[in-house]
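Engineer: Take a look at this one; I'll ask things after.
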Amino acid sequence: MIQAFVLFLFAGVAEIGGGYLIWLAIREGKPLSWGIAGGFALALYGVIATFQSFPSFGRVYAAYGGVFIILSVLWGWGVDRKTPDFYDWIGAGICMIGVCVMLFAPRQ
């Protein structure tokens, strides 16, 4: 379980960070090299996700989607300095419950 969480965390930082670098390059006039670095980070995200031990691609990516939402709220808070409100936290909590159900529910 800890390995799954760590991989989701690394994948999330690569995906959100990569997207953020591309955003900065295109929307805020940062150098093109920032956008290229963002593209590499996004490719790295795709590789990191393959190290999950869960057998189902769809289930892993669905669960990662919930983790991505939570990490995006935290990224916005820490990097963009946009404080999440009550509803952001409720939504993130619902996502975490969904992630746990998808990944850790007993299956036949």
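Mapping of the sequence shown onto UniProt numbering: position 27 corresponds to residue 27, and the numbering continues sequentially without gaps. Note that beta-carbon positions come from the ideal geometry of N, C-alpha and C, so glycine has one too. Only a predicted model underlies this, so the values are computations on that prediction, with no experimental measurement involved.
Are the segment 3 to 11 and the segment 37 to 54 touching by the rule of at least three beta carbon pairs closer than 8 angstroms?
Structural biologist: yes
Engineer: When you compare the CB positions of Ile16 and Trp75, do they come within less than 7 angstroms of one another, or not?
Structural biologist: With contacts defined by Cβ atoms closer than 7 angstroms, Ile16 and Trp75 form a contacting pair.
Engineer: From the DSSP output, in three-state form, read off Arg81 for me.
Structural biologist: coil
Engineer: Would you decide whether Phe68 is buried or exposed? Buried here means 16 or more other CB atoms lie within 10 Å of its CB.
Structural biologist: buried
Engineer: Is DSSP giving Ser72 helix, strand or coil here?
Structural biologist: Secondary structure of Ser72 (DSSP, three-state): helix.
Engineer: Figure out for me which residue from Phe54, Cys95 and Ala62 has the closest Cα to the Cα of Arg107.
Structural biologist: Phe54
Engineer: I need the straight-line Cα distance from Ala63 to Trp89, nearest angstrom please.
Structural biologist: Pairing Ala63 with Trp89, the inter-Cα distance amounts to about 18 angstroms.
Engineer: Can you tell me whether Gly4 is buried or exposed, with buried defined as 16 or more other CB within 10 angstroms of its CB?
Structural biologist: Strictly speaking, residue 4 in this sequence is Ala, with Gly absent from that position. With 16 or more Cβ atoms within 10 Å of its Cβ, Ala4 is classed as buried.
Engineer: Near Val99, which residues of its chain fall below 7 angstroms by C-beta distance, leaving aside the five closest residues on each side in sequence?
Structural biologist: Ala63, Gly66 and Val67
Engineer: CA-CA distance, Trp23 and Gly12?
Structural biologist: 16 angstroms
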